[in-house]
Amino acid sequence: MKLLRFGPKGQEKPGCLDEQGNLRDLSGVTDDFGGDTVALDALARLAQIDPRTLPLVDQGTRLGAPLAHVPNFYCIGLNYAAHAAETGAEKPKEPLVFSKATSSLAGPHDPIIIPKGATRTDWEVELGIVIGKRALYVDEADALGYVAGYCAVNDVSERDFQKNRGGQWIKGKSAPGFGKIGPWIVTADQVPDPQGLRLQLSVNGQTRQDSTTADMIFTVAQIISYMSHFMELVPGDVIATGTPSGVAAGMSPPQFLQPGDVVSLSVEGLGTQNAHVIAAS
């Protein structure tokens, strides 16, 4: 299944994409997507529905974030060897875990908003994991069984806030619109190998990132198992698994985002995002 949310901002309804690429309305079946409504048992019930029996939705309808809310929005830093090298960082010996504020959640085509006072706003295409059941002390061999689905993520980052303002990275990762996910969540049964997906990102039509999840230092299974030994992961949690090389901060000279830019990205099988860059008002 491909699960999504559609409609005006703040008024989104749950939906799905059928095999012909049509948008279908699921609001008569589930209230929304988030938390326990994307737990594995809830998704198993949805899988029994024939999408052709659901109301059609106008193809031009806005898509929101495929989750109405997330209990936690986690990220893994420096998880591609080439990206660690371009930032001048050593390859981490353990997953580098940090968080984004859940209020950063945004739809796939919503604008990227450069915060007030920001000077170094950057892009990061990533594979996102959506957790489908409570995970605590999970063995690596069992870890993929805890995944509800996968999605494309743009972990938008303000490097000055992240690097130069003290404290944790969360300050540079959490502005409104910095947590762009979607266009939909693809359930785990449709992604047999999360370590074989191509990731691409362009700015104004120029390719900036082009890699695959095979280059991850820590795999999806390793990340879930590792994190579950420090915290309990719960249904609806999102984990952004790191970005490949090609970010603005790694360019010489750096070319950070400016109002008027257009950022397009895709993760193989998980859809595309297209976002205009604007300045905060």
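Quick note: the sequence shown, position 165, residue 165 per our numbering, numbers continuous.
Where is the CB? At the ideal position from N, CA and C, for every residue including glycine.
Beta-carbon contacts of residue i that lie in its chain and below 7 Å, excluding the five residues immediately before and after
i, result
"P194", "L127, Y150, T213 and V220"
"Q258", "V277"
"A47", "M1"
"D18", "R24, P51 and R52"
Contacting residues, own chain, Cβ-Cβ under 8 Å from residue i (five flanking each side not counted)
i, result
"D31", "P14 and T37"
Reduced DSSP category for residue i - H, G, I as helix; E, B as strand; rest coil
i, result
"G286", "The requested residue 286 does not occur in the structure, where the chain is confined to residues 1 to 281."
"S103", "helix"
"K9", "coil"
"A175", "coil"
"L3", "strand"
"Y137", "coil"
"G15", "strand"
"G128", "strand"
"L96", "strand"
"A143", "helix"
"V247", "coil"
"D31", "coil"
"D41", "helix"
"Q168", "coil"
"D261", "coil"
DSSP beta-bridge partners of residue i
i, result
"S355", "This structure leaves residue 355 out entirely; the chain is present only between 1 and 281."
"T272", "S266"
"G182", "Its beta-bridge partners do not exist; DSSP assigns none."
"Y150", "I129 and V186"
"D25", "G15"
"A279", "I114"
Residues of its chain near residue i, where Cβ-Cβ distance is below 6 Å and the 5 sequence neighbours each way are ignored
i, result
"N274", "H109 and S264"
"Q101", "Contrary to the premise, residue 101 reads as Ala rather than Gln in this sequence. Correct list, in chain order: S174."
"S245", "A82, H83 and E86"
"W169", "F98 and Q162"
Proximity test, residue i beta-carbon vs the ligand ZN heavy atom, cut-off 6 Å
i, result
"G172", "You won't find the ligand ZN in this model; it holds no ligand whatsoever."
| query | Counting only runs that start and end within the segment 199 to 240, where is the beta strand (DSSP E) found for 3 or more residues in a row? | reply | Segments of the beta strand (DSSP E) lying fully in the segment 199 to 240: 206 to 212 and 238 to 240.
| task | Decide if the segment 99 to 111 is in contact with the segment 164 to 178; the criterion is three or more beta carbon pairs, one per stretch, under 8 Å apart. | result | Between the segment 99 to 111 and the segment 164 to 178, the count of C-beta pairs closer than 8 Å reaches three or more; the two stretches touch.
| Fully enclosed by the segment 43 to 90, which beta strand (DSSP E) runs are 3 residues long or longer? | Every unbroken stretch of the beta strand (DSSP E) spanning 3 or more residues and falling wholly within the segment 43 to 90 is given here in chain order: 73 to 77.
| task | Please determine if the segment 189 to 205 and the segment 158 to 174 are in contact, where contact requires at least 3 C-beta pairs separated by less than 8 Å. | result | Touching, no, given that fewer than three Cβ pairs across the two stretches are closer than 8 Å.
| Three CB pairs or more closer than 8 Å across the segment 128 to 138 and the segment 196 to 212 | Short answer: they don't touch.
| Cβ contact (3+ pairs, closer than 8 Å) linking the segment 77 to 93 and the segment 38 to 46 | No: the two stretches stay apart, fewer than three of their Cβ pairs being nearer than 8 Å.
| task | Would you be able to state if there are at least three C-beta pairs under 8 Å between the segment 69 to 79 and the segment 114 to 123? | result | The segment 114 to 123, when compared against the segment 69 to 79, does not touch it at the 8 Å Cβ threshold.
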